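From first to last, the protein sequence lines stand for chains A and B.
Numbering of the first sequence is given in the UniProt record's numbering, commencing with residue 1 and proceeding in unit increments.
Numbering of the second sequence is given in the UniProt record's numbering, commencing with residue 1 and proceeding in unit increments.
C-beta atoms are modelled at their ideal positions from N, C-alpha and C, and glycine is treated no differently.
All of these numbers come straight from a predicted model, not from anything done at the bench.
I have placed the structure first, in the form of structure tokens, so that the comments after it can refer back to it.
2 protein chains.
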Amino acid sequence: MRDDATPRADALAKATGQERYSADETPPGCLWAGVRRAGIPHGLITALDVAAARDTPGVAAVLTRADVPGTNRQGIVHKDQPVLCGQRVRHCGDAVALVVAESRAALAEGLSRIAVDFSPLPGVFDPVAALLPDAPLVHPGREDGNRLAHGLVEKGDAPAALAGASADDVVVFDEFHTPLQDHVFLEPPNGLARLTPAGLLDMVVSTQAPFRDRFEIAHALGLDPMKIRIRAPYLGGGFGGKDGATVQCLLALAALHAPGRWVKMAWSREETFLAGYKRHAATVRLRLLAGRDGTLRALSGVLNFDAGPYAHLSGEIMALGMEHAGGPYRIPHTRIEGFCAYTNNPVGGAFRGFGVVQAGFATERLMDALAVKLGRDPAGLRRQNALCPGERNCAGVTVEAGTDTAACLDAVMAHPFWTGREAWKKAAPAFTRRGTGLVAIQNAMGYGRGLPDAAAAKLELTRQGTFRIHNSVPDMGQGNASAFVAMAARALGQPAHAVTCVQPDTRTCPPAGSSSASRTTYTFGNALLRACRAMREKLLARAALALLCDAPERLELLPGAVSDPATGRAVPLARIGLMLCRDDRICIDQFVMPVVDNPPDTGREFKLGFPHRFYSYGACLCAVEADTLTGTVRLARCLVSVACGRVFSLAGVEQQLQGAAAQGAGLALFEDTVLDRGRMRAKDLGTYLIPTALDLPDTRCLALDDDEPTGPMGLKGMGEVGIHGPGPAVAQALYDATGIWLRRLPVTPQAVLEAMGGLPS
Amino acid sequence: MRDDATPRADALAKATGQERYSADETPPGCLWAGVRRAGIPHGLITALDVAAARDTPGVAAVLTRADVPGTNRQGIVHKDQPVLCGQRVRHCGDAVALVVAESRAALAEGLSRIAVDFSPLPGVFDPVAALLPDAPLVHPGREDGNRLAHGLVEKGDAPAALAGASADDVVVFDEFHTPLQDHVFLEPPNGLARLTPAGLLDMVVSTQAPFRDRFEIAHALGLDPMKIRIRAPYLGGGFGGKDGATVQCLLALAALHAPGRWVKMAWSREETFLAGYKRHAATVRLRLLAGRDGTLRALSGVLNFDAGPYAHLSGEIMALGMEHAGGPYRIPHTRIEGFCAYTNNPVGGAFRGFGVVQAGFATERLMDALAVKLGRDPAGLRRQNALCPGERNCAGVTVEAGTDTAACLDAVMAHPFWTGREAWKKAAPAFTRRGTGLVAIQNAMGYGRGLPDAAAAKLELTRQGTFRIHNSVPDMGQGNASAFVAMAARALGQPAHAVTCVQPDTRTCPPAGSSSASRTTYTFGNALLRACRAMREKLLARAALALLCDAPERLELLPGAVSDPATGRAVPLARIGLMLCRDDRICIDQFVMPVVDNPPDTGREFKLGFPHRFYSYGACLCAVEADTLTGTVRLARCLVSVACGRVFSLAGVEQQLQGAAAQGAGLALFEDTVLDRGRMRAKDLGTYLIPTALDLPDTRCLALDDDEPTGPMGLKGMGEVGIHGPGPAVAQALYDATGIWLRRLPVTPQAVLEAMGGLPS
């Protein structure tokens, strides 16, 4: 079933720069829109003078809160984020005014002439402190104060189990911190909008959710969502950071005030750092009970997420973290509590790993602590407790066939990186200490229960007899469009060059959910394969007319033709393409991801997205070298195994694992995540360093034999699972190398130096 | 399952004259086209002078054979009929020249000024004589001479069985004649054509086969079939007479010579009698062997069909007649031979009953002869030999469940018309003799083996949340469009007024076969129900998005809305209609009629359409009164039972049975079918009398409980079966009344008078 021969369909266009991103589109004579940001984390606007800006030559419009016709509220679930702020600003990136100008220079000049006076307010910058009674309120008057979300996931009776622990049992407890993280996609948020004479708002946006965007814009601006058209070309990265409103409402607002003209908005890297969504910083406290033999008995813990000032998907991210907090382990009693607090930090939002990064780091670290306490090999302890099909995870959901953490660990443990680790450590060069860590990873696929994880796929037979997929789920670089081309080609028995894929357009594509949650290839892929089946049946039936065949099921769909084995006659697909009327050249079919049938009686606070049914699993080995002179830690080796259903494209799986591991390594070792009163200290890519190819080893990948019966060609989504390894694996490796016990990411050279007996910071 | 409450969807529009037929369309400023017909049955054109016609004021073009750009050949299977004759004319209706004019008056004037000189040739007017060696040849140079088609259908060894008959056995033999018949549809052939500036040939035609017409026209005129668009509004009757080329090629040719302008052609009744297709006249000789107890042993026979000068579907009509020649009876040995000959009579073509009328009359008459010879009740003899499921018919095909001639006979025999027949006869008024006849009837459904009996159905959700069926099979009055509305309404759980049906248009509808062969409701209905299932699934999946439902299968499609029983929330279909992009509001699906799996090893001459798998069955009682003074025979009572799968609409079934019985009674008693040297003696409706409502009794109908598992809602086609009863039932009744032994239809008063001892003619 593996398709390793087909080159990625978009490889050439991307390698040669021919592929068009929305950032590449600048219609002649288009206007430019830009935003004046608050620049302070919390305060009241006492004066906003836009007169000078309006009088600036080349400025077409300066818009403030008063110019927003609708609710002015955006947000995927909770609509609490203003398009343009009224009186209160709640983080440095808040939008205060919108300028539309004839040129980028006029835009810059206009933005600079906006005068804002603020009355600063005390801010709250810690998600735990934010819940204290006297914390400054981000949304005054709100019943729950700064508590945006709270949830409890329970199975069995963890408190009783912990209370009843005997002297022979072992309990470990610790608190862990993971920082915010910027997505650092190549292409910052941007888009175009135009209000046509017919009243259609025509938009081209770098977005992960074109179909939802229509409703978001319509709600915020008081428009008819069906009069909004969103096109989503290939994205230069997304990672969750384009799953939600970035430029959409602002751009639409600008277009409403410049009827008939294209308006473009393109955030700079600096604006993206300032105003874009971030991975939630989190504090996780866990307590784990095990028998002396290493058998896990109970887990209890609290997760605190920093939402920033607006909800975005914070509650759902917290819930997914809680659902993963037990790891891929068999634990009879669990009690996971979650809190999500408003702060005046950057807005927390979706990010590859979606709460699981935070929980997984803590769980894996605590497994290491248990191993230390028991004097056990960390890998063996994990293997011993690996969750098996038919058992219940920490949310009480019986996990599916294909859950095989032990096999994932075994695959890595059979690799020379593991078997030869001691020799490798001993061969460490001077001033270097080496260590190896091995952790288990998991990530759920899809939206989970409570809302449909749906996609509809449109497949077109062209008049030339080739096939065109109308993709409804944006390709942000992960390669789903190419996977769809390869899938359809295989399903239809056609060469890959006979299949093309056009990117989402809400006017011509049937609806699908967002490109997120490791769901696109599974959900849209299933819809596409159903459309392929319908197309195949149609082609045979139509060819039967030309071939005078009374039993279409006897016909064979061959490359470029339908043939009748009984007569040897064939009709070219190009002829069928010419024969059929337009509507008859199209097949649309849909798929909705199955959900957990009998959900456990817990997590009732979570209306949407809890619990999940399908998971991909894996294991990750990281080997590090710590420099005893500088404290710098280098990721020397990285190996990831994965069980994610059948492998359709090994190259595709490897690309996702490598990219995810690099992003995980960035969080662990590279990225400057320090906040200074609600603002990232690093303001650009000169200071916010992400790992380059030279900074990382070649990540080795091991894809296990697996099969997901509900999956398209047996596959499951796996775009996120690889990000969970490097954080805890680097921490374990660092302990192996230096004895330093890491509770916080990223790793700082100071802490490492100190642990190795070098210079304290 | 019966739908007797829903009024026929087109009833009001038709009753009030609002419905538009193609004859109703006369675009302002359109040209008129008309044909100069040969007027002689056989001859060579020695001179054709169109100069005066061309010079006629208002004449736009006069076209002859030299102006035809393609093959000039038309014909559904064999392309042997010229659009415009070259040198030879082969029947009186042959088209010699085509005139296009600005007005009907100019057209008439132009036609009258065409001067044609013929050199007459001896004609051949009898299909048996046509096969003799010295017969004049209709197509000189043709290898098979006048023999257009020949076939043999055998099962067992009928010659041996007949040769081996013992003295105790009974053999009956006779020869029967059925005449040609005109369809006498209300709306004579007509249509419109226009060559658009884009090169599209846009046509509106009263046709039973819009999709095939494109290929017919393209072949004859050397055009691209995909650049021809045919729209087929409701037909004012068809009965097979519009299944093939009438105006199509002529009209297209005219339009090619008047680019940009609409051209209209409308045949008069007289032109239709002259040039239109007719039911084939036939001579059938049958020999039937039975045991003394009435058990049928063997049947042997020869069918001779009069094709006229062009093939049309003559071979297929002959084959279907042969396939039915054994009647719905159990006969171990059969040998049926068929011949079809070219003559200079009117062109034989498709007509309701399609060869079965001819064969059935002979078979049923011979059963009567056997009953007389055995001194048996004709009904009981039929019942004794009724074919049962699992047995093989005369073509060797094992008949399906639902074959129950005995039940059809029983239903009629339980009716007072049968049980009270002797009392009724005794109550005959003065100068009147009464008699009752009861025969079995059957008719296959669909094209049969060798070509796909296919249809694709397009179902559209409108933006208003209602449904629109795009019918691909013309409704010629039989009511299929209304049946489709009712079927879709039921399948979708919507009120009938929420479903509309638009008539065929090759540009917007997916393809389907012709409206013929009792196939439309079955084949298109199945395709439509599949499209309805796809639509239902789509609606639930799309509604799930609006209802945030993770399990669309839980949703319910209610009238006008999709509802979630779990939450009580609903989304109106009108909202879904607005939500979906255009292509997503359409579902297309298709169906191909199953064929006989293991066809018997006979009838190999028939490439197309042999044998058939599905039949409808019935029985027909006719009671007649013969006037002893005038010889006039009046059909006093008519009762038809039918087993045709489930009855979806009893009114629809009754309408078909009543119409078919009337058409059968027309052939038996009313229509002047006499030919005079290749031309019908009756030239208009003043002389070709068809029965009116006043001439006929109310035909009573009995629809049996039945079910066809492959049928849409369990039904089978039954538009033809009812025509087979009156011919043989009237003959049997007349024998019962008068002792006259009828071998020929129609019944003539002279023959009746003579038999009753009245005045000989």
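Q.
Please state whether the Cβ-Cβ distance between H78 (chain A) and A311 (chain A) is less than 8 Å.
A. Yes; because the gap between Cβ atoms is below 8 Å, this pair is in contact.
Q. What's the gap between the Cα of D601 (chain B) and the Cα of V562 (chain B)?
A. Rounded to whole angstroms, D601 (chain B) and V562 (chain B) show a C-alpha spacing of 53 Å.
Q | Through-space distance from P552 (chain A) to D589 (chain B), alpha-carbon basis | A | For D589 (chain B) and P552 (chain A), the distance between alpha carbons rounds to 14 Å.
**Q.** Per DSSP, cross-strand counterpart(s) of N393 (chain B)
**A.** N393 (chain B) is not bridged to any residue.
Q. For T699 (chain B), does the three-state DSSP call read helix, strand or coil?
A. T699 (chain B) falls in the coil class under three-state DSSP.
Q. For the 8 Å Cβ check, are there 3 or more pairs between the segment 248-267 of chain A and the segment 24-38 of chain A?
A. Contact between the segment 248-267 of chain A and the segment 24-38 of chain A is present, because at least three Cβ pairs lie under 8 Å.
Q.
Short of 7 Å in beta carbon distance, which residues of its chain neighbour L121 (chain B), apart from the five on each side in sequence? Order them along the chain.
A. For L121 (chain B), where only same-chain residues beyond five positions count, the Cβ hits under 7 Å are H42, G43, L44, P136.
Q | Beta-carbon proximity check, A733 (chain B) vs T6 (chain B), cutoff 8 Å | A | Using a Cβ distance threshold of 8 Å, A733 (chain B) and T6 (chain B) do not count as a contacting pair.
Q | Contacting positions in the segment 576-588 of chain A - beta carbon closer than 9 Å to chain B | A | Here the close residues are L578, M579, L580, C581, R582, D583, D584, I586, C587, I588.
Q) My guess is that L387 (chain A) and W418 (chain A) are in contact by the Cβ rule of under 8 Å, so how many angstroms apart are they, rounded? A) Under the criterion of beta carbons closer than 8 Å, L387 (chain A) and W418 (chain A) do not qualify as touching, at roughly 21 Å.
Q.
So if DSSP puts L223 (chain A) in a beta bridge, which residue, or which two residues, is it bridged to?
A. Beta-bridge pairing links L223 (chain A) to no other residue.
(Q) Taking the alpha helix (DSSP H) that W418 (chain A) belongs to, which residues open and close that run? (A) 416-419 is the extent of the alpha helix (DSSP H) around W418 (chain A).
(Q) Less than 8 Å between the beta carbons of G123 (chain B) and R677 (chain B), yes or no? (A) For the pair G123 (chain B) and R677 (chain B), the CB atoms are nearer than the 8 Å cut-off.
Q. What in chain A is Cβ-close to R507 (chain B), meaning under 7 Å?
A. Simply C581.
Q: Helix, strand or coil for A281 (chain B), going by three-state DSSP, please let me know.
A: If DSSP states are grouped into helix, strand and coil, A281 (chain B) belongs with coil.
Q. With 8 Å set as the bound, which would you pick, yes or no: does the beta-carbon of M226 (chain B) sit closer than that to a beta-carbon of chain A?
A. Nearest CB-CB separation between M226 (chain B) and chain A: below the 8 Å threshold.
**Q.** Own chain residues within Cβ distance below 6 Å of S761 (chain A), not counting five before or after
**A.** Because S761 (chain A) sits at a pLDDT of 42, beneath the cut-off of 50, its placement in the model cannot be relied upon, and the point is left open.
Q) Is the segment 341-353 of chain A touching the segment 618-632 of chain A in the sense that three or more CB pairs, one from each, lie closer than 8 Å? A) No, the segment 618-632 of chain A is not in contact with the segment 341-353 of chain A.
Q. Hey, M487 (chain B) and P712 (chain B) are a contact pair by Cβ (cut 8 Å); roughly how many whole angstroms apart?
A. Indeed they touch by this definition, with Cβ atoms about 6 Å apart.
Q) Can you tell me whether DSSP reads K458 (chain B) as helix, strand or coil? A) Strand, per DSSP.
Q) Shortest alpha-carbon distance to P332 (chain B) belongs to which of B:Q655, B:I228, B:A158? A) B:A158 is the residue among B:Q655, B:I228, B:A158 whose C-alpha sits nearest the C-alpha of P332 (chain B).
Q: Anything in chain B within Cβ reach of Q590 (chain A), meaning under 7 Å, just list it in chain order.
A: Simply K538, A541.
**Q.** At least 3 beta-carbon pairs within less than 8 Å: the segment 566-573 of chain A vs the segment 503-522 of chain A
**A.** Counting C-beta pairs with one atom in each stretch, the segment 566-573 of chain A and the segment 503-522 of chain A have fewer than three that are closer than 8 Å, which means they do not touch.
Q. What separation, rounded to the nearest whole angstrom, lies between the Cα atoms of R582 (chain B) and G39 (chain B)?
A. Distance between the alpha carbons of R582 (chain B) and G39 (chain B): 54 Å.
Q) Since C532 (chain B) is in the alpha helix (DSSP H), which residue starts that stretch and which ends it? A) Run containing C532 (chain B): 520-547, per the alpha helix (DSSP H) assignment.
Q | Proximity test, Cβ basis, 8 Å: G545 (chain B) and chain A | A | Here residue 545 (chain B) is Leu; the residue named in the question, Gly, does not match the sequence. L545 (chain B) counts as touching chain A.
Q. At least one CB of chain A closer than 8 Å to the CB of A423 (chain B): is that the case?
A. Interface with chain A (8 Å Cβ-Cβ cutoff): A423 (chain B) is excluded.
Q: Starting from the N-terminal side, write out each stretch of the alpha helix (DSSP H) that is 4 residues or longer and does not extend beyond the segment 276-336 of chain A.
A: Scanning the segment 276-336 of chain A for uninterrupted alpha helix (DSSP H) segments of 4 residues or longer gives 314-324, listed from N- to C-terminal end.
Q. Among A:A362, A:Y21, A:G240, which residue has its Cα nearest to the Cα of V204 (chain A)?
A. The shortest C-alpha to C-alpha distance from V204 (chain A) to any of A:A362, A:Y21, A:G240 is the one to A:Y21.
Q. Thinking C-beta only, is G241 (chain B) closer than 8 Å to F185 (chain B)?
A. Against a cut-off of 8 Å, the Cβ pair of G241 (chain B) and F185 (chain B) comes out as a contact.
Q) Which residues bound the beta strand (DSSP E) around Y615 (chain A)? A) Counting along the chain, the unbroken beta strand (DSSP E) around Y615 (chain A) starts and ends at 614-627.
Q.
I need the boundaries of the alpha helix (DSSP H) containing N480 (chain A), first residue and last residue.
A. Its alpha helix (DSSP H) spans residues 480-492.
Q: Check whether the Cβ of R449 (chain A) lies closer than 8 Å to any Cβ atom in chain B.
A: Among the CB atoms of chain B, one or more fall inside 8 Å of the CB of R449 (chain A).
Q: With DSSP as the reference, please indicate the residues paired to K264 (chain B) in a beta bridge.
A: Per DSSP, B:W32, B:L192.
**Q.** Alpha carbon of A647 (chain A) to alpha carbon of A290 (chain A), nearest angstrom
**A.** Per the sequence shown, residue 647 (chain A) should be read as Val rather than Ala. Rounded to whole angstroms, V647 (chain A) to A290 (chain A) spans 36 Å at the Cα level.
Q | Assumed close pair L148 (chain B), A319 (chain B) - CB separation to whole angstroms, cut-off 8 Å | A | Not really, about 12 Å apart at Cβ, beyond 8 Å.
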